[in-house]
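Contents: one structure, followed by commentary.
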Amino acid sequence: MIIDITEIEAIHSFFRLEFLKEVYGLVWMLVPIFILVLGITLGVLVIVWLEREISAEIQQRIGPEYAGPLGMLQALADGTKLLFKENLLPSRGDTRLFSIGPSIAVISILLSYSIIPFNYRFILADLSIGVFLWIAVSSLAPVGLLMSGYGSNNKYSFLGGLRAAAQSISYEIPLTLCVLSISLLSNSLSTVDIVETQSKYGFWGWNLWRQPIGFIIFLISSLAECERLPFDLPEAEEELVAGYQTEYSGIKFGLFYVASYLNLLVSSLFVTVLYLGGWNLSIPNLFSPEIFDINKRGKVFVTIIGIFITLAKTYLFLFISIATRWTLPRLRMDQLLNLGWKFLLPISLGNLLLTTSFQLLSL
5 MIIDITEIEA
15 IHSFFRLEFL
25 KEVYGLVWML
35 VPIFILVLGI
45 TLGVLVIVWL
55 EREISAEIQQ
65 RIGPEYAGPL
75 GMLQALADGT
85 KLLFKENLLP
95 SRGDTRLFSI
105 GPSIAVISIL
115 LSYSIIPFNY
125 RFILADLSIG
135 VFLWIAVSSL
145 APVGLLMSGY
155 GSNNKYSFLG
165 GLRAAAQSIS
175 YEIPLTLCVL
185 SISLLSNSLS
195 TVDIVETQSK
205 YGFWGWNLWR
215 QPIGFIIFLI
225 SSLAECERLP
235 FDLPEAEEEL
245 VAGYQTEYSG
255 IKFGLFYVAS
265 YLNLLVSSLF
275 VTVLYLGGWN
285 LSIPNLFSPE
295 IFDINKRGKV
305 FVTIIGIFIT
315 LAKTYLFLFI
325 SIATRWTLPR
335 LRMDQLLNLG
345 WKFLLPISLG
355 NLLLTTSFQL
365 LSL
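Per the numbering used here, the very first residue in the sequence shown carries number 5; after that it's consecutive.
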């Protein structure tokens, strides 16, 4: 059988076309991930700048003002400085655990962003078990902190890792029970469905009004999960030097701060999604098709407005967490555990049973 040269060229062009299609599909799949990572990076830089400025105002001092306009590039300068510092390893520690710990803490939190809806069309993965995925992957972060504390071969680091693990377990259970209550009200575990359920009655349709007790418990548990004051016991300077971060330097030291702010941002976003209506405005049916004809025009504008609303609500919670840092004193370890196990856990369980009862009565 003799194959003509034109047939060979046609076969080569076919395989070349298929290869280009695969490359195009891969690039198109990576574009949303790149946009999300870029947005997260900018969000973290804004949080660091806001915290420094708000803290300076509360303490009546001058904040960062030289690195860029209004000191907005100070966080970027600090990160660059840590990037070029020497990376030290403990001589008698477990270097593998010591090196892997910060990466686990950061990656487990980054995975949570994949299910956060900034708008109806702006979400990386709309999963039917979205909120449970967040709880599952975020529970891996304390494992990284414990590995870091153990691998450092330092008593302060190890105690800090143990405190981080105990604190996370104590407050993750009430937080999960609050999420279950929201899922019962929405009849879904999808974050998009939870936001859509709150959009029917505008401001009064938010879960904040239907679950006020759950909102307060979720708020406290989120601050504890982020290890923010008054719950920053794993890295209490007066007791543990710097906790599990004591032996770290360079970029690995910076990864812990990145993980802390990433966790704070993702917790604020979930407060917005679960309780504050997500991307929806307070006024119901403001962007209805009959008024603005958005089925044909303005979809991009509505998407941008939704993202802006989500971020505005998120940074409102961030302001509360920053102000709390300079308002409340640090708890003792026994007070921290008593608050989680003896107070928040029974109340959140009672809130879940009450929500279940109302849902069964409404059937």
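For each residue, glycine too, the CB sits at the ideal point set by N, CA and C.
Test item: CB-CB of residue i and residue j under 8 Å
i: Gly258; j: Gly47; result: no
i: Asn123; j: Trp283; result: yes
i: Pro121; j: Val275; result: no
i: Pro234; j: Gly247; result: no
i: Ser225; j: Leu179; result: yes
i: Arg232; j: Met337; result: no
i: Ser366; j: Leu181; result: no
i: Ser172; j: Gly344; result: no
For residue i, the three-state DSSP class (helix, strand or coil)
i: Leu348; result: helix
i: Phe222; result: helix
i: Leu244; result: helix
i: Gln339; result: helix
i: Gly67; result: coil
i: Asn267; result: helix
i: Asp236; result: coil
i: Asp98; result: coil
i: Ala129; result: coil
i: Cys230; result: coil
i: Asn123; result: coil
i: Lys256; result: helix
i: Gln215; result: coil
i: Leu179; result: helix
i: Asn355; result: helix
i: Glu55; result: helix
i: Gly105; result: helix
i: Arg334; result: coil
i: Trp138; result: helix
i: Met33; result: helix
i: Leu49; result: helix
i: Thr328; result: helix
i: Leu74; result: helix
i: Thr84; result: helix
i: Lys89; result: coil
i: Glu251; result: coil
i: Ser361; result: helix
i: Leu114; result: helix
i: Leu150; result: helix
i: Leu285; result: coil
i: Ser272; result: helix
i: Leu280; result: coil
i: Leu144; result: coil
Top-ranked residue by Cα proximity to residue i, from the options
i: Tyr265; options: Cys182, Asn123, Tyr319; result: Tyr319
i: Lys346; options: Ile127, Tyr261, Ile177; result: Ile177
i: Leu356; options: Gln202, Leu341, Ile186; result: Ile186
i: Thr195; options: Ala140, Pro216, Phe136; result: Phe136
i: Pro106; options: Ser156, Gly134, Ser132; result: Ser156
i: Phe38; options: Ile133, Leu131, Tyr117; result: Tyr117
i: Ala316; options: Val41, Met33, Val50, Leu42; result: Val50
i: Ser95; options: Glu251, Leu269, Val262, Thr360; result: Glu251
i: Ile313; options: Leu285, Gly344, Ile255, Glu69; result: Leu285
i: Asn342; options: Phe305, Ala170, Gly97; result: Ala170
i: Gly43; options: Thr360, Gln363, Leu128, Ser143; result: Leu128
i: Phe394; options: Gly72, Pro73, Leu244; result: The shown model of the chain, from 5 to 367, leaves out residue 394, and the question about it has no answer.
i: Asn91; options: Lys256, Gln64, Ala228, Gln215; result: Lys256
Cut-off 7 Å between Cβ atoms - residues of its own chain near residue i, not counting five sequence neighbours on either side
i: Ile2; result: Since the displayed the chain opens at 5 and closes at 367, residue 2 lies outside it and no answer follows.
i: Leu93; result: Thr99, Phe102
i: Phe126; result: Thr307, Ile311
i: Lys89; result: Ser253, Gly254
i: Gly165; result: Leu149, Leu150, Ser152, Gly153, Tyr154, Tyr248
i: Ile198; result: Ile186, Ser190, Ser192, Val277, Leu278
i: Val262; result: Val48, Val110
i: Ala60; result: Ile66, Gly67
i: Thr359; result: Ser185, Leu188, Leu189
i: Val147; result: Ile108
The ligand GTP heavy atom lying under 7 Å from the CB of residue i
i: Ala228; result: Although the ligand GTP was asked about, the structure shown includes no ligands whatsoever.
Neighbourhood of residue i by C-beta distance below 6 Å, restricted to the same chain and skipping five residues each side
i: Tyr279; result: Asn211, Leu212, Phe219
i: Thr201; result: Ser190
i: Leu115; result: Val141
i: Val52; result: Ala79
i: Arg158; result: Correcting the residue identity first, residue 158 is Asn in this sequence and not Arg. Thr250, Glu251.
i: Cys230; result: Asn267, Leu268, Ser271
i: Leu87; result: Ile255
Residue-level contact to chain D via CB, residue i, 8 Å cutoff
i: Tyr154; result: Of the protein chains in the structure, only one exists, and it is not chain D.
Residues of its chain near residue i, where Cβ-Cβ distance is below 8 Å and the 5 sequence neighbours each way are ignored
i: Leu54; result: Tyr319, Leu322, Phe323, Ile326
i: Glu69; result: Gly75
**OP:** Starting from the N-terminal side, write out each stretch of the alpha helix (DSSP H) that is 4 residues or longer and does not extend beyond the stretch 158–208.
**Re:** DSSP runs (the alpha helix (DSSP H)) wholly in the stretch 158–208: 159–190, 195–201.
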